[in-house]
Amino acid sequence: MRGKPSSFIKVFINVEKKHLKAPRFSTKGVVMKHWDYHWKREYPFWYGVVVMYSLVDWIKEETGQTVAVRGEGLHGWFSIYSADGSKKPAYDAVRQQLAQPGFAQGVIDRIDKNGKAFVECGKRMRFTAETSDAELFALLDIYLEKFKQYGVDLFKSFHTVEVVSNALQELVVKEVPPDKVLEVVAALSKPSGKAKLASMTAYFAAHPDRDERIAYMKEHYPFMRMIDPFTEPHTDNEIEEYVDAFTPPKQQPASDITLSNTQLVKEYQDVLYMKDKRDDYRRESFCYAQPLFRECAKRLGITLQELGCLLPSEFGSDIKQLVKDRQLAYIAEIRDGKVNVRQGNVLPELLSAKESETANKVGGITGNGGKVKAKVQVISSMDDIPKFKEGNVLVAVTTSPEHVIAMEKAAAFVTDEGGIACHAAIVAREMNKPCVVGTQHATSSFKDGDLIEVDADKGIVRKVR
1 MRGKPSSFIK VFINVEKKHL KAPRFSTKGV VMKHWDYHWK REYPFWYGVV VMYSLVDWIK
61 EETGQTVAVR GEGLHGWFSI YSADGSKKPA YDAVRQQLAQ PGFAQGVIDR IDKNGKAFVE
121 CGKRMRFTAE TSDAELFALL DIYLEKFKQY GVDLFKSFHT VEVVSNALQE LVVKEVPPDK
181 VLEVVAALSK PSGKAKLASM TAYFAAHPDR DERIAYMKEH YPFMRMIDPF TEPHTDNEIE
241 EYVDAFTPPK QQPASDITLS NTQLVKEYQD VLYMKDKRDD YRRESFCYAQ PLFRECAKRL
301 GITLQELGCL LPSEFGSDIK QLVKDRQLAY IAEIRDGKVN VRQGNVLPEL LSAKESETAN
361 KVGGITGNGG KVKAKVQVIS SMDDIPKFKE GNVLVAVTTS PEHVIAMEKA AAFVTDEGGI
421 ACHAAIVARE MNKPCVVGTQ HATSSFKDGD LIEVDADKGI VRKVR
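The working numbering applies: residue 1 is where the sequence shown begins, and numbers increase by one.
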């Protein structure tokens, strides 16, 4: 390494070390079982349980081990854990595969093949008024199984992105002067292909007419908002707001520094493309399958969102109370292929409620440099996005394309999760706004109205008052 490590490099190393060891939680002095934390997302119960099965299958694929998996729901958010010690061997197995020629391309090919099959499955979910309830619910079971299979590919891709991004960053840190690290990362962060969002961005840049942009988005990306089958698609007003908020991304200048491992650079750009492509398939399939979910909800006498609190095997006369209890909180565990769920008064047992850490200062990974002082506005759900005010600091668990409208208004971005290849970091570099990701506790440390200083050059966010 040339010279002393920059603050950015030090923060990156420290955060990565923290991720290797899962926290130990306790209740009333009794030590609880150790679990490895994976991530937290704004997903409903149905979605969460399906991906729990996918996680079990993915870990078995990578390590040969069948492990227990735990999911928790609270305030509309789903947190996922696997049995103590099972995450690292699976991660290491993916890291070892990185040495194989064409590894990232192989994962992309797998995503393409199975993603297309998942979209086609969504298209095939056809029914009529004469379709019996039993036949209708059987279709839902078929779709659930297909999503579970695609979920294995999603977990494979999540960890491939992480492994490749970390390897790329280690190479940059080793071969690039500290003051050039961010510049080189930004210059290299160009996807090797165009997924739908990138294609739409290119179209907008080339077509300034507002009506043309709106028509293009409606035709080619109507499912952008659909992170699950229970999320309503964009309304016409929301599409117009998205179009009106668009500004061309900042073009990252080419770097005059060439890294020694050009194959790793190519794989990094491949996985950036894969990140967007995998979500295209997922969201598009949900869009096609949503009429099936709506019909199931209608016949059960509940809303689409309430349907997300149930599995097909649970449809029965007492579903209203079950839905009500799960909307409060739930714990689901899969052991030996069987799921056990408890809901309602389970708050004292939730690991996710105990993992938060209140602090006046958090550290993370620099997504893009810069320094700003402004008020906090926490994005706790997609419903908060339209309420975001100009000039505030956007604080969230993570970001996705749905957040772009708020990100355009934000002075800076701070997220609990993510690394150099995450959505928030990439958008920050395009918009040239300060960004700190991977802080772990920003959403629990800061609240709306707090005045904070985001020093993205050092990867530090601190409360001023």
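Heads up, the beta-carbon is just placed ideally off N, CA and C, and yes, glycines get one too.
* Hey, how far is the Cα of residue 371 from the Cα of residue 108? -> 36 Å
* Chain-order list of residues whose beta-carbon lies under 8 Å from that of residue 190 (same chain, five-residue window excluded) -> 252, 269, 272
* Asked: Beta-carbon separation of residue 416 and residue 440 under 8 Å?
  -> In this structure, residue 440 lies closer than 8 Å to residue 416 by Cβ.
* Confirm, please, whether the CB-CB distance from residue 62 to residue 90 is below 8 Å. => yes
* Asked: Roughly how many angstroms separate the alpha carbons of residue 452 and residue 302, rounded to a whole number?
  -> 43 Å
* Looking at the unbroken alpha helix (DSSP H) that takes in residue 203, where does it start and where does it end? -> That run of the alpha helix (DSSP H) goes 196-206.
* **Through-space distance from residue 254 to residue 295, alpha-carbon basis** => 51 Å
* Kindly examine the ligand MG and report whether one of its heavy atoms sits closer than 7 Å to the Cβ of residue 41. => This structure lacks the ligand MG; in fact it carries no ligand of any kind.
* Asked: If we call anything under 8 Å between Cβ atoms a contact, is residue 184 one with residue 176?
  -> yes
* **Contact under 8 Å by Cβ, residue 410 with residue 432** => no
* Alpha carbon of residue 124 to alpha carbon of residue 297, nearest angstrom -> 19 Å
* **Local conformation of residue 69 per DSSP, three classes** => Correct three-state label for residue 69: strand.
* Asked: Cβ of residue 293 within 8 Å of Cβ of residue 230?
  -> Taking 8 Å as the Cβ cut-off, residue 293 and residue 230 qualify as a contacting pair.
* To do: Would you tell me roughly how many angstroms separate the C-alpha atoms of residue 133 and residue 463, rounded to the nearest one?
  => 55 Å
* Own chain partners of residue 346 with C-beta closer than 7 Å, once the 5 adjacent residues on each side are dropped -> 329, 330, 331
* Going by Cα to Cα distance, which pick from 343, 136, 318 is closest to residue 75? -> Nearest of 343, 136, 318 to residue 75, Cα basis: 343.
* To do: Check residue 421 in the structure and name its three-state DSSP category.
  => Residue state for residue 421 is assigned as coil, using DSSP reduced to three classes.
* Asked: Thinking just about the alpha-carbon of each residue, which of 98, 169, 152 is nearest to the one in residue 365?
  -> Residue 169 is the option with its Cα nearest to residue 365.
* **Terminal residues of the alpha helix (DSSP H) in which residue 159 lies** => 133-175
* Within 10 angstroms of the Cβ of residue 11, are there 16 or more other Cβ atoms? Answer buried if so, exposed if not. => With a pLDDT of 40 at residue 11, under the threshold of 50, the predicted position of this residue should be treated as unreliable, and no value is reported.
* Asked: Is it the case that the Cβ atoms of residue 144 and residue 50 are separated by a distance below 8 Å?
  -> yes
* Using a threshold of 8 Å, state whether the C-beta atoms of residue 350 and residue 42 are closer than that. => Not a contact, by the Cβ cut-off of 8 Å.
* To do: Please name the residue in 426, 262, 407, 446 whose C-alpha comes closest to that of residue 246.
  => 407
* Please name the residue, chosen from 384, 367, 46, that lies closest to residue 423 on a Cα-to-Cα basis. => 367
* To do: Identify which residue in 257, 362, 228 has its Cα closest to the Cα of residue 307.
  => 228
* Asked: Where residue 457 and residue 436 are concerned, what is the direct C-alpha to C-alpha distance, given to the nearest angstrom?
  -> 9 Å
* Asked: Which residues in the same chain as residue 360 place their Cβ atom closer than 8 Å to its Cβ, once the five residues preceding and following it in sequence are excluded?
  -> 445, 462, 463
* Measure the alpha-carbon distance for residue 389 versus residue 383 and round it to whole angstroms. => 14 Å
* Going straight from the alpha carbon of residue 321 to that of residue 341, what length do you get? -> 14 Å
* Asked: What residue range is occupied by the uninterrupted alpha helix (DSSP H) comprising residue 281?
  -> Per DSSP, residue 281 is one residue of the alpha helix (DSSP H) stretching across 262-300.
* Tell me whether residue 23 sits in a helix, a strand or coil according to DSSP, three-state version. => Confidence is the limiting factor: at residue 23 the pLDDT is only 31, short of 50, which leaves the residue's position unreliable and the question unanswerable from this model.
* To do: Please report the Cβ distance between residue 243 and residue 213, rounded to the nearest whole angstrom; I am assuming they are in contact, meaning their Cβ atoms lie under 8 Å.
  => 5 Å
* Could you say which of 241, 192, 319, 327 lies nearest to residue 274 if we only look at CA atoms? => With respect to the C-alpha of residue 274, the residue from 241, 192, 319, 327 having the closest C-alpha is 192.
* Span of the beta strand (DSSP E) holding residue 38? -> 35-41 is the span of the beta strand (DSSP E), which, as asked, contains residue 38.
* Asked: What first and last residue would you give for the alpha helix (DSSP H) that runs through residue 237?
  -> 236-245
* Asked: The alpha helix (DSSP H) with residue 114 in it runs from where to where?
  -> 103-123
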